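Novice: In the working numbering, the protein residues as written are 17 to 387. Every residue gets a Cβ at the ideal spot worked out from N, C-alpha and C, and that includes glycine. Owing to the predicted nature of the structure, the values given are computational and were not obtained by experimental measurement.
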């Protein structure tokens, strides 16, 4: 959307000002499936009770069953594993039941020239076959920071990829000549849809002005795209994505540089979208899911986000045009890296420390018996 677009501001709040919303009377229990993973980054549920695919940053893709037993999948790409770089997201093709395809995002290259990359492959038993790189972010950059790397499919079968601005390249988030600091949209073969908002000048760009988005989810009921991104020292954001929109980084921000220096004196500007929610100080939001399951009907429409700095999992309950943050799930501890709502309505959570937590509903009669 051109910069002259008049954006309608939605509700945005500072986490410092929020009164914590109780988790209410939802009856849940938290079990640990395994705590022996090595820097897990993402999880995808396989159909028909066949367990999960879990990425580890060093480059391993694991098949993990419901008891926590893990098998290494052969054929993953060579990754640039350093600092924030490595093997990142994994998602299944919407037609996985018939084509067995999966998609991996990762840091490709080396310290001097690297980029967020997407590969697709066919999962054949414990092997990846017919692998092909379908996207390499342009231009390349130096150092191992701010890759973004979250993947999500839209209802029309196109694929979204969040891309960080490379930390030292933050001004590129405002330039359509660069794919850094963007949300990209491609077809499943890597080609650019003609319906993208900047098809002539930036064919893969869907929105821009982002810092380092590590939370991305598409609401299966409404098709709404939600994206959460790291701010610097303060200013983490939750954004409702509208194609073609400029989300402002670094021209506007609610955060300061890590040194305490002012990045921008502005928190809003004409033609730049406001976040639906922001956090000061930063919680380091990572992972994002929307609850549309049946196990916890009272959470319908809530977002779930991990917090690396807070080392917690939060529920964001819908309220008006925005959200109110709940008290954390006290049983989930560690730097929460990813969260997913599973097919049965239960919730999977990964932490940097190597834990795979599983949140399930507790029958009311069992809860009553323990009181």
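Can you list, in chain order, the residues of its chain with a C-beta nearer than 7 Å to that of residue 291? Leave out the 5 residues immediately preceding and following it.
Specialist: 28, 253, 254, 255, listed in sequence order.
Novice: Taking the continuous alpha helix (DSSP H) assigned at residue 113, which residues delimit it?
Specialist: 112–115 is the span of the alpha helix (DSSP H), which, as asked, contains residue 113.
Novice: Tell me which residues share the same chain as residue 55 and place their Cβ nearer than 8 Å to its Cβ, disregarding the 5 neighbours each side in the sequence.
Specialist: Counting only Cβ-Cβ distances below 8 Å, and skipping sequence neighbours, we find 72, 73, 74, 102, 368, 370.
Novice: To the nearest angstrom, report how far apart residue 272 and residue 353 are at their CA atoms.
Specialist: Rounded to whole angstroms, residue 272 to residue 353 spans 23 Å at the Cα level.
Novice: Under 8 Å: do the region 324–335 and the region 280–289 share three or more Cβ pairs, one atom per stretch?
Specialist: In short, these stretches do not touch, since the Cβ pair count stays below three.
Novice: For residue 236, collect the residues of the same chain with a Cβ closer than 7 Å to its Cβ; drop the 5 residues on either side in sequence, then sort them by chain order.
Specialist: Hits under 7 Å: 308.
Novice: Count the other CB atoms, across all protein chains shown, that sit within 10 Å of the CB of residue 95; report buried if there are 16 or more and exposed otherwise.
Specialist: Looking at its Cβ environment, which holds 16 or more other Cβ atoms inside 10 Å, residue 95 is buried.
Novice: What residue does the beta strand (DSSP E) around residue 278 start on, and which one ends it?
Specialist: First-last for residue 278: undefined, no H or E at that position.
Novice: Quick check on the DSSP output: the beta strand (DSSP E) that includes residue 342 runs from which residue to which?
Specialist: Looking at the DSSP string, residue 342 is not in any beta strand (DSSP E), and its letter there is neither H nor E.
Novice: Which value, in whole angstroms, describes the spacing of the CA atoms of residue 366 and residue 372?
Specialist: Each residue's alpha carbon lies about 5 Å from the other.
Novice: Between residue 100 and residue 248, what straight-line distance do the alpha-carbon atoms span, to the nearest angstrom?
Specialist: Rounded to the nearest angstrom, the two C-alpha atoms are 15 Å apart.
Novice: When we look at the beta-carbon of residue 82 and count the other beta-carbons within 10 Å, is it buried (16 or more) or exposed?
Specialist: It counts as exposed.
Novice: Using DSSP with H/G/I as helix, E/B as strand and the rest coil, what is residue 315?
Specialist: It is helical.
Novice: Hey, could you find the ends of the beta strand (DSSP E) residue 136 is sitting in?
Specialist: It spans 130–140 - the beta strand (DSSP E) in which residue 136 sits, taken as one unbroken run.
Novice: Here's the rule: buried if 16 or more other CB atoms are within 10 angstroms of the residue's CB, otherwise exposed. What is residue 337?
Specialist: So residue 337 counts as exposed.
Novice: Short of 6 Å in beta carbon distance, which residues of its chain neighbour residue 153, apart from the five on each side in sequence? Order them along the chain.
Specialist: 131, 132, 179, 195.
Novice: Let's see if you can read the secondary structure: which residues bound the beta strand (DSSP E) around residue 375?
Specialist: Where residue 375 is concerned, the enclosing beta strand (DSSP E) stretches over 372–377.
Novice: How long is the line joining the alpha carbons of residue 164 and residue 230, rounded to whole angstroms?
Specialist: If you take the alpha carbons of residue 164 and residue 230, they lie about 5 Å apart.
Novice: Tell me which residues share the same chain as residue 142 and place their Cβ nearer than 8 Å to its Cβ, disregarding the 5 neighbours each side in the sequence.
Specialist: 79, 87, 88, 89, 90, listed in sequence order.
Novice: How about residue 197 and residue 227: do their beta carbons lie closer than 8 Å?
Specialist: Against a cut-off of 8 Å, the Cβ pair of residue 227 and residue 197 comes out as a contact.
Novice: Rounded to the nearest angstrom, what separates residue 384 and residue 45 at their Cα positions?
Specialist: Residue confidence for residue 384 is low, a pLDDT of 39 falling below 50, so the modelled location carries little weight; the figure read from the coordinates is stated next. Answer to the nearest angstrom: the Cα atoms are 14 Å apart.
Novice: Could you tell me how far apart the beta carbons of residue 169 and residue 177 are, in whole angstroms, since I believe they sit closer than 8 Å?
Specialist: At roughly 11 Å, the Cβ-Cβ gap does not stay under 8 Å, so residue 169 and residue 177 are not in contact.
Novice: Which value, in whole angstroms, describes the spacing of the CA atoms of residue 356 and residue 299?
Specialist: For residue 356 and residue 299, the distance between alpha carbons rounds to 19 Å.
Novice: Using 8 Å for Cβ pairs, my map puts residue 138 next to residue 146. What's the rounded Cβ distance?
Specialist: Rounded, the Cβ-Cβ distance is 5 Å, consistent with contact.
Novice: Less than 8 Å separating the beta-carbons of residue 232 and residue 159?
Specialist: Taking 8 Å as the Cβ cut-off, residue 232 and residue 159 do not qualify as a contacting pair.
Novice: Rounded C-beta distance between residue 117 and residue 105? I'm assuming under 8 Å.
Specialist: Actually they do not touch by this definition, with Cβ atoms about 14 Å apart.
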